[in-house]
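Engineer:
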Amino acid sequence: MATTGAPEAAKIPGEPTKTGTSLVETATGAIQGFAPVNKIHQHFCGQVEVHHYCAHQNEEMRQCLIYDSEDADARLIGVEYIVSENLFMTLPDSEKPLWHSHEYEVKSGLLFMPGVPGPVQRQDLEKVAKTYGKTFHFWQIDKGDGLPLGVPQIMAAFTRDGQLYPEIAQGLEKKYGVSMEKERENREYITGPEHGIHPLANGKGKGLKLELREVDCKQPVESVARVFV
Amino acid sequence: MATATAGTTPGKPMSLGQHILDKGTEMLQSLKPVKQMQQHVCTFALYSHNMNRQIETHHYVTRINEDFLQCPVYDSDTARARLIGIEYIVSDRIFETLPPEEQKLWHSHAYEIKAGLWVNPRVPEALQRPELRNLTKSYGKFWCTWQTDRGDELPLGVPSLMMSPQSVGSGILNPELVKSRDNRYGIDSDDLKKWRVEIEEPEWINPNADYWKNTGKGFSTEVEETEMTRKAPYP
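These protein sequence lines map, in sequence, to chains A and F. Counted from 1, the first sequence has number 89 at position 85 by our numbering; the numbering is strictly sequential. Counted from 1, the second sequence has number 231 at position 219 by our numbering; the numbering is strictly sequential.
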């Protein structure tokens with residue numbers, strides 16, 4: 005993150021992994037199957053440097069893990085679901101404000117796939133520009149949190165010029181050797197959702213935040229006896 | 013149940029073109045963060061706001077350091093698995109440093125491990141043992157983002173806070189749920205429980221965790237409208 009001018013990533017507290025622990029994990033890693041995560045094929049980078057690792061559920065839906073870097077010790081900060089315009093239209097109206105459009109992020113060059121040649125990227129981005137996404141972050145690294153604290157944040161997308169600080173964009177351009185201006189031109193021809201961006205999407209233009217409310221779940225356990233077996 | 017018979021996500025099947033694109037980008041990209049997942053854990057979780065709703069979960073665990081793990085959680089272990097949330101796991105050392113308000117959102121792991129509910133499918137019990145010893149003292153915070161157990165074909169609503177199974181009250185799991193998992197993997201949680209008697213119980217489980225146990229209260233998540241900030245938070 006240093007290149008973007010952001011503060012040094014807060015260090016996650018904790019001891020370095022002990023050799024014993026990592027030995028066991030190497031062994032389990034060799035034995036176990038990882039079908040769900042082996043489906044992850046795509047890496048997108050966007051906005052305030054977050055990295056999306058995406059798997060297709062089918063042609064019209066992807067599910068993505070969001071990390072704060074592209075390194076081995078990257079922090080898992082959230083998830084994003086991406087659906088086609090078609091599927092978005094089937095969502096109840098009360099659900100639609102939780103989803104954001106991708107047209108601007110694609111067309112502006114903000115969203116890109118590190119290491120993938122422009123023409124190949126654009127084949128996929130043509131599709132992404134027509135989609136809607138729903139993103140939650142569970143770890144506010146932008147606030148400097150060293151641990152995932154508090155309640156999830158629902159993330160909005162950039163929807164027009166002037167919402168991103170130019171320093172951030174410049175940092176990304178330098179780090180990944182991309183030019184957003186040039187990409188913007190290359191992506192000129194790409195079009196957004198067929199029916200236009202839905203007026204209920206993007207929080208209906210409002211910011212959204214999540215709050216926890218205490219509810220009765222059941223009667224408390226009379227005596228908290230700590231008997232395990 | 014959300015598991016063996018995973019529902020289908022609506023949408024057209026993957027086109028050949030998309031398959032080729034995905035393969036191509038995969039070859040070009042490093043995907044380092046997702047290649048760090050070293051453990052597949054299968055266990056169970058309960059919705060904090062309604063503990064009668066209980067699900068089987070599949071955690072793909074990455075250890076960041078000795079005291080901190082992060083896991084995407086899926087509803088099965090197949091290639092069609094749906095991503096239903098994220099769990100963070102911290103050691104007791106870290107947990108004790110959290111503010112009490114934060115501790116209320118976390119659950120303990122001792123019971124589900126001791127009871128043989130928490131398993132690493134296909135890993136011999138003896139190999140699993142040292143890690144299980146570590147984890148009995150850990151706490152988790154699990155946000156569920158896709159309620160596939162109620163039949164949601166697409167992820168609807170906002171994340172729900174999840175709790176862990178416990179030996180008492182609303183924390184008791186439906187035995188059918190456990191049996192179905194056990195049958196699928198050819199294991200017997202009751203046998204594992206006997207094996208795990210020798211794993212020591214933690215001397216102390218912080219009573220702020222498993223908040224419902226002392227209070228009978230759970231948490232439900234709600235959306236509120238706020239003023240939108242005009243620019244991205246900087247940094």
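Using N, Cα and C, we set each Cβ at its ideal position, and we do this for glycine too. Quick caveat: nothing in here was measured; it's all calculated off a predicted structure.
1. Thr109/F: buried (16+ other C-beta within 10 angstroms of its C-beta) or exposed?
2. Only counting the same chain, and skipping five residues up and downstream in sequence, which positions put a Cβ closer than 8 Å to that of Met63/F?
3. Nearest by alpha-carbon distance to Cys68/A: which of Leu43/F, Val235/F, Asn77/F and Arg196/F is it?
4. So, is the C-beta of Glu12/A closer than 8 Å to a C-beta in chain F?
5. Tell me the residue span of the beta strand (DSSP E) that contains Tyr71/A.
6. When we look at the beta-carbon of Asn195/F and count the other beta-carbons within 10 Å, is it buried (16 or more) or exposed?
7. Does the beta-carbon distance from Gln159/F to Leu80/A come in below 8 Å?
8. Go ahead and pull the three-state DSSP assignment for His199/A.
9. Check Arg65/F in the structure and name its three-state DSSP category.
10. Starting from Ile96/F, trace the beta strand (DSSP E) in both directions and tell me its first and last residue.
11. Helix, strand or coil, according to DSSP, for Ser232/F in the structure here?
12. Ordered along the chain, which non-local residues of its own chain (more than five positions away) have a Cβ less than 6 Å from that of Asp222/F?
13. Within 8 Å (strictly less), CB to CB, does Val41/A reach chain F?
14. Does Asn62/A have its Cβ less than 8 Å from a Cβ in chain F?
15. If you check the beta carbons only, do Leu158/A and Leu204/A fall under 8 Å apart?
16. Among Pro40/A, Pro101/A, Phe48/A and His47/A, which has the Cα closest to the Cα of His202/A?
17. Spatial neighbours of Arg164/A within its chain, please: C-beta separation below 7 Å, excluding the five flanking residues on both sides.
18. Excluding sequence positions up to five away, which residues of its chain have a Cβ less than 6 Å from the Cβ of Glu124/F?
19. Does Ile76/F get closer than 8 Å to chain B when you measure Cβ to Cβ?
20. Does the region 140-156 of chain F come close enough to the region 89-98 of chain F that 3 or more CB-CB pairs lie under 8 Å?
21. Along the chain, where does the alpha helix (DSSP H) containing Glu6/F start, and where does it finish?
Structural biologist: Quick look at the numbers:
1. Mapped onto the second sequence, residue 109/F falls at position 97. So Thr109/F counts as exposed.
2. The residue labelled residue 63/F in the question sits at position 51 within the second sequence. Non-local C-beta neighbours of Met63/F in its own chain, meaning closer than 8 Å and more than five positions away in sequence, comprise Met175, Ser182, Gly183, Trp224 and Gly230, ordered along the chain.
3. What you label residue 68/A is simply residue 64 of the first sequence in a count that begins at 1. It is Leu43/F.
4. What you label residue 12/A is simply residue 8 of the first sequence in a count that begins at 1. For Glu12/A, the predicted model reports a pLDDT of 45, less than 50, meaning its position is unreliable and no value from the coordinates is stated.
5. Position 67 of the first sequence, counting from 1, holds the residue named residue 71/A. Where Tyr71/A is concerned, the enclosing beta strand (DSSP E) starts and stops at Met65 to Tyr71.
6. Counting from 1 along the second sequence, the entry for residue 195/F is found at position 183. By the 16-neighbour rule on beta-carbons within 10 angstroms, Asn195/F is exposed.
7. What you label residue 159/F is simply residue 147 of the second sequence in a count that begins at 1. What you label residue 80/A is simply residue 76 of the first sequence in a count that begins at 1. At least 8 Å separates the beta-carbon of Gln159/F from that of Leu80/A.
8. By 1-based counting over the first sequence, the position of residue 199/A is 195. Note: His199/A maps to coil in three-state DSSP.
9. Along the second sequence, read from residue 1 onward, the residue named residue 65/F stands at position 53. Residue state for Arg65/F is assigned as strand, using DSSP reduced to three classes.
10. As a working mapping, residue 96/F is identified with position 84 in the second sequence. DSSP places Ile96/F in the uninterrupted beta strand (DSSP E) bounded by Leu95 to Val102.
11. Translated into the one-based positions of the second sequence, residue 232/F becomes position 220. Ser232/F: strand per DSSP, three-state reduction.
12. The count along the second sequence starts at 1 and reaches residue 222/F at position 210. So the list reads His119 and Ser120, once near-sequence residues are dropped.
13. As a working mapping, residue 41/A is identified with position 37 in the first sequence. Chain F contact via Cβ: present.
14. Residue mapping note: residue 62/A aligns to position 58 of the first sequence, counting from 1. By this cut-off, Asn62/A is an interface position.
15. Indexing the first sequence from 1 puts residue 158/A at position 154. Indexing the first sequence from 1 puts residue 204/A at position 200. Looking at the sequence itself, residue 158/A is Ile, so the reference to Leu does not match. Leu204/A is positioned such that its CB atom lies no closer than 8 Å to that of Ile158/A.
16. Taking the first sequence and counting its residues from 1, one reaches residue 202/A at position 198. Residue Pro101/A is the option with its Cα nearest to His202/A.
17. As a first step, residue 164/A is located in the first sequence; it is residue number 160 there, counting from the start. Same-chain partners within the cutoff: Tyr108.
18. Counting from 1 along the second sequence, the entry for residue 124/F is found at position 112. Here Glu124/F has Thr55, Trp130, Ser176 and Pro177 as same chain residues with Cβ atoms under 6 Å from its own Cβ, once five neighbours each way along the sequence are excluded.
19. Here the protein chains are A and F, and chain B is not one of them.
20. Look at the beta carbons and you see the region 89-98 of chain F touching the region 140-156 of chain F: at least three pairs across the two are nearer than 8 Å.
21. In the structure as shown, chain F begins at 13 and stops at 247. Residue 6/F is therefore absent and cannot be evaluated.
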